[in-house]
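Below you'll find the structure, written out as structure tokens, and then a few comments.
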Amino acid sequence: MSNLLRLTWRLLKGGGRQGLLGSSLTIVAVAVSTALLLFAVAVNFAFAGRADRGAWRHPVPAKGEARAVEALHIDFLGDRPITVVDVAVLEPGVAPPRGLSRLPMPGEVAISPALAGEPALRGRYPGKIVGTIGDEGLVHPGELVAVVGHAPGDAAVSAKWKGDYRLGQSATKVADFTGAPSSDAVAYRFLAIIASVFMVVPLLVFGGAAARLTVARRDRRLASLRLVGATPGQVVAMTVAEAVITAFAGAVLGLALYAVAIPPLTQVEITGGTWFTSDMWPGVLPIAAVLLAVPLLVGLSAVVGLRRVVVSPLGVARRETPPGMRFIRVVVLLAILAVVPAMGMGVSVGVVAVVLGSAFLALNLVGPWVVGVIGRVTARTARGPARLLAGRRLVDDPRSAWRTVSGVALTGFVAGFIGLLTPPTDLDVGSDKATAWLLQDIRTGTVVVLAVSFLVAIVSSGITAASSVLDRRQTYALLRLAGTDLAVLDKARRLETLIPLVVMGGGSIATGMFCAAPFARLGVSAAGALTLLICVAAGFAGVIAAGALSRPLLRSVTTDPAPRPD
Amino acid sequence: MSQIVLEGRDLKKSFGPTVALAGVDFVVHRGEAVAIMGPSGSGKSTLLHCLAGIMRPDSGEVHLLGQRIDTLGERKRSALRRTRFGFVFQFGQLLPELPADENVALPLMLGDVPRAQAVQQARSWFGPLGLAGMEGRRPGELSGGQAQRVAIARALATRPAVVFADEPTGALDQATGHDTMRLLVDATRRNDASLVVVTHDPEVARWCDRVVEVRDGRILTGPPHTGYVTPAGLPNAGYATTVAPSYTGHVPAPQVPQESPRGWRPEAGER
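First to last, the protein sequences are chains A and B.
Each number in my numbering corresponds to the 1-based position in the first sequence with 8 added.
Each number in my numbering corresponds to the 1-based position in the second sequence with 3 added.
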């Protein structure tokens, strides 16, 4: 076994410039995936953290003996909310809420550091300041909070709240100040889970693609090893070892990338506030889990890609028309989409997440099939050489062509889904500040999710384009040598990406809109349509630009005139 | 002596400290088949690359039909390779994703021949080259010898002035190699093209009219070798005598013997 590892390591190191380039592409791809995966995970922990830290303000009625009374309402300083918690102690000795060392007595207040630093608020909550609320009791940095002490009979701790349910809670007798996360906090966690699904699925697809990035070259090398007598087990072990070593390096680099990105990420405002650095740090265990899971997934994906070599040492030496993919893929997608109209606001978050995730994955399953069909049509109707080459290439390896565009196509799903749900900017909410926040947050969330998806999509298409040049360098070099213009090769490459992109991108947007329909209460808004339009334009531009970036690589691999067997 | 088609004069080429060509003069006449022989590293492939406009020599001149081509820009040399030269390599020159007929049609399509016409012309090569029924097969589904014959068809499809072959039988067994060489030499000659074959195999070289030996970047002078003799009385197709890529789209039907390939295996004495 150690011999095998040593050989793997030698092959990795001895891959030469092209091999090194291939491994670097994989590392970069895995690094970007890992960083974004960590972000998707952290988002959930961040919202959970906010919900926990703010729970003490939302009283839960005492089941047994009441020891205190708690009431909550939101004041405003301009547009900035001030959380005011009125408390009265019924029985001395009740533990203070998190972030406070003791409860304010009647005539006393405890305030957050931000409130203490706000001169406009001096005197609005009269009383002796007896404490400052620590970070663990604040939802976000800079939050304005006041805890005002009262006697049990005071109006503030006995009146019923008559305003907007999102802006206050009636006085409640409580046993302690543990509280429960507010319904808003729960709703945000729900949205965070949906956003994570949107970000994680393309990441998984991209991660899988990363593993197979340079598979053509590796396949050939491992087929040679099979020919000299390596057992299937040894070949699989070497593949896994190589993929896992590379992926682990990528995952560690991804962690570093993510760490660098934390400070700017904490500045994204949601519910009127930014984030603590610790919010964006999901903790040692989740990070360790990601660092472990990413290389394992990449290894698994590499093994799947190698099935053919293991079956036959000649498997990749001979290029034959691959067996056609079955229509069942389309049936799976249709079956999942059939469930969608049954969903609505009443369905639990788990079901929604599963259905959305499945629709997403099914799109990924249908992708290569559709690309194959498009390829056949393109090849049949092609008049010029570039279109013919593009079409035949799509038929030859629809999966690889799909990998180049899958990111953007899947983002189309997200864009379609969100485009339908984006609230109009001119929606008249009047003085309803709570609704205004929610709408603003949905817009912010949309931008973040779309930015992440597009980043994945564009990086993935750039990397797959580069790796496809590397994998097919011999073909390109020979074509160049026989007098083919670089422009024809480039046009073929562009068509090979653009044709499936247009078809699958459109299909995915439509699927996304279909999945969003049960939740769309506000109708299609101008803002949503604009978001969608910007997404489509940005996605196309990004993919074309990413593909153009590999043009110098194409030029460099085709300048070496002597074809070599590799 | 017949017309000179391709000429290299005092060609020199170095790669860093390594001298690949140290002043080579080389001439190919119309319809002639010349073998360039030499051991590995002798400079024979570099000579082919310089003659074919793939590479520019450091000094010296290359003339095609009297016109200097080594000074042309990359774009013009590309066009020249596409229209006036054909290439057959040891392996890998066929695009794995295209069926055989489209592989042959590709250079025609690159020259703006409409697809249907290009494919039709491409297919007309299959029968004479013993490839009938193989039109729709992909390179992975062809044997080594069949793939080389498709490559020969592709090299000749554009009616080139010169066909360059680099170790064309290197990946084939001896019998298939002989068949392939015979087809290559015959088909080239019948289409009035010249042939330049780079090889290290004397058996391959014997198919050619003349053998040039290269050692350490120089041509060895020795007694001229006479090899395979063209069967007389077969029609030649003729080719345009301009260098400029003047490809207009119309290509006459391929001129190869109409018997089955087995029928034209040379007698033992002919070799």
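We put the beta carbon where it would ideally sit given N, CA and C, even for glycine.
Values in this document were obtained by computation on a predicted structure and should not be read as measured data.
{"Query": "Is the stretch 152 to 172 of chain B touching the stretch 125 to 138 of chain B, taking contact as three or more C-beta pairs under 8 Å?", "Result": "yes"}
{"Query": "DSSP three-state call for Lys47/B: helix, strand or coil?", "Result": "helix"}
{"Query": "Say whether chain A places a C-beta atom closer than 9 Å to the C-beta of Ile57/B.", "Result": "yes"}
{"Query": "Output, in chain order, the set of chain B residues within a Cβ distance shorter than 9 Å of Leu235/A.", "Result": "Result: empty, since nearest Cβ-Cβ is about 16 Å, beyond 9 Å."}
{"Query": "Does the CB of Leu237/B have a neighbour CB from chain A at under 9 Å?", "Result": "Residue confidence is low: Leu237/B scores 33 on pLDDT, short of 50, so the model does not pin down where it sits. Its coordinate-derived value is still stated next. Not one chain A Cβ lies under 9 Å of Leu237/B."}
{"Query": "Would you kindly work out how many angstroms separate the C-alpha atoms of Gly307/A and Leu300/A, rounded to a whole number?", "Result": "11 Å"}
{"Query": "To the nearest angstrom, how far is it from the Cα of Arg488/A to the Cα of Leu341/A?", "Result": "41 Å"}
{"Query": "Where does the unbroken beta strand (DSSP E) through Pro271/A begin, and where does it stop?", "Result": "That residue, Pro271/A, is in no beta strand (DSSP E); its alpha helix (DSSP H) goes 240 to 274."}
{"Query": "So, are the CB atoms of Gly258/A and Val38/A less than 9 Å apart?", "Result": "yes"}
{"Query": "Between the C-alpha atoms of Leu402/A and Thr483/A, what's the straight-line distance to the nearest angstrom?", "Result": "15 Å"}
{"Query": "Beta carbons nearer than 7 Å to chain B: which residues of the stretch 474 to 503 of chain A have them?", "Result": "Gln482, Thr483, Leu486, Leu489, Ala490, Gly491, Thr492, Asp493, Val496"}
{"Query": "Would you kindly check if the distance between the Cβ of Trp64/A and the Cβ of Arg106/A is under 9 Å?", "Result": "yes"}
{"Query": "Would a check of beta-carbon distances place Thr74/B closer than 9 Å to chain A?", "Result": "no"}
{"Query": "Rounded to whole angstroms, what's the CA-CA distance from Arg411/A to Pro508/A? Just pull it up for me.", "Result": "11 Å"}
{"Query": "Do Gly41/B and Val200/B count as a contact pair if the criterion is CB distance below 9 Å?", "Result": "no"}
{"Query": "If you scan the stretch 13 to 74 of chain B from start to end, which runs of the beta strand (DSSP E) of 3 or more residues do you find wholly inside it?", "Result": "21 to 32, 36 to 40, 62 to 67"}
{"Query": "For Ala196/B, return the contacting residues in chain A, with the cut-off set at a CB-CB distance below 9 Å.", "Result": "The contacting residues do not exist; Ala196/B stays about 15 Å from chain A at best."}
{"Query": "Could you list which residues in chain B have their beta carbon closer than 8 Å to that of Asp404/A, in chain order?", "Result": "Pro99, Glu100"}
{"Query": "Return helix, strand or coil for His158/A, following the three-state DSSP convention.", "Result": "strand"}
{"Query": "Does DSSP put His203/B in a helix, a strand or coil?", "Result": "coil"}
{"Query": "How would you write the range of the alpha helix (DSSP H) that Gln177/B sits in, first residue to last?", "Result": "177 to 193"}
{"Query": "Measuring CA to CA, which of Leu494/A, Asp405/A, Leu541/A is closest to Glu100/B?", "Result": "Asp405/A"}
{"Query": "Indicate the three-state DSSP secondary structure (helix, strand or coil) for Tyr250/B in the structure shown.", "Result": "Per-residue confidence for Tyr250/B stands at a pLDDT of 36, beneath the threshold of 50, marking its modelled position as unreliable; the derived number appears in the next sentence. Here Tyr250/B sits in coil by DSSP."}
{"Query": "Residues bridged to Thr180/A by DSSP?", "Result": "Glu78/A"}
{"Query": "For Ser178/A, which residues of its own chain have a beta-carbon under 8 Å away from its beta-carbon, when the five flanking residues on both sides are left out?", "Result": "Ala79, Ala167, Lys168, Trp169"}
{"Query": "Distance check for Val51/A and Thr620/A, CA to CA, integer angstroms please.", "Result": "Any answer about residue 620/A is impossible in this case: the structure gives chain A only from 9 up to 574."}
{"Query": "Which residues bound the beta strand (DSSP E) around Asp493/A?", "Result": "No beta strand (DSSP E) contains Asp493/A, which DSSP labels as neither H nor E."}
{"Query": "Between Gly380/A and chain B, is the shortest Cβ-Cβ distance under 9 Å, so that the two count as touching?", "Result": "no"}
{"Query": "Looking at the unbroken beta strand (DSSP E) that takes in Val97/A, where does it start and where does it end?", "Result": "88 to 97"}
{"Query": "Please work out which residues of its chain come closer than 8 Å, Cβ to Cβ, to Val276/A, disregarding the five sequence neighbours upstream and downstream, and give them in chain order.", "Result": "Thr282, Trp283, Thr452, Val456"}
{"Query": "Work out the CA separation of Val551/A and Ile270/A for me, nearest whole Å.", "Result": "27 Å"}
{"Query": "Ignore the nearest five residues each way along the sequence and tell me which others in Arg12/B's own chain have a CB closer than 7 Å to its CB.", "Result": "Asp28, Gly63, Glu64"}
{"Query": "Any C-beta of chain B sitting closer than 9 Å to the C-beta of Leu396/A?", "Result": "yes"}
{"Query": "For Tyr266/A, count neighbouring Cβ atoms within 10 angstroms of its own Cβ and tell me buried if that reaches 16, exposed if not.", "Result": "buried"}
{"Query": "List the endpoints of the continuous alpha helix (DSSP H) containing Arg218/B.", "Result": "Not the alpha helix (DSSP H): Arg218/B falls in the beta strand (DSSP E), residues 213 to 218."}
{"Query": "Starting from the beta carbon of Arg384/A, find every residue of chain B whose beta carbon is closer than 8 Å, and list them in chain order.", "Result": "Chain B residues near Arg384/A: none, gap ~12 Å exceeds 8 Å."}
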